[in-house]
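**Student:** Residue numbers (my numbering): 513 to 585. Before we start, here is the structure in question, set down as structure tokens.
Below you can see the structure in the form of structure tokens.
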């Protein structure tokens with residue numbers, strides 16, 4: 513294996529490790545929400561994190577989870 517190929521492989525591996533670590537950090541740093549933690553649909557909807565703005569992907573997912581778990585249509 514020539515030296516340039518080895519250096520390229522090391523740099524590529526370092527970039528992949530950095531990207532995976534950055535994704536884990538980003539995923540762990542935001543608010544969390546579980547619809548199963550609430551007893552009623554109303555309580556579930558009230559406890560959706562305020563950081564999740566209306567029509568955001570996170571809020572829509574949380575609202576859908578509340579509806580699914582608490583069988584609201």
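Just so you know, even glycine gets a beta-carbon here, dropped at the ideal spot from N, CA and C. Values in this document were obtained by computation on a predicted structure and should not be read as measured data.
Where does residue 537 sit, in a helix, a strand or coil, going by DSSP?
**Tutor:** helix
**Student:** Suppose you measure from the CA of residue 563 to the CA of residue 541; what does that come to, to the nearest Å?
**Tutor:** 12 Å
**Student:** Leaving aside the five residues before and after residue 550 along the sequence, list all residues of the same chain whose C-beta is less than 7 Å from its C-beta, in chain order.
**Tutor:** 556 and 559
**Student:** With the cut-off set at 8 Å, would you say residue 553 and residue 582 are in Cβ contact?
**Tutor:** Contact flag set, yes.
**Student:** For residue 574 versus residue 530, is the C-beta spacing smaller than 8 Å?
**Tutor:** no
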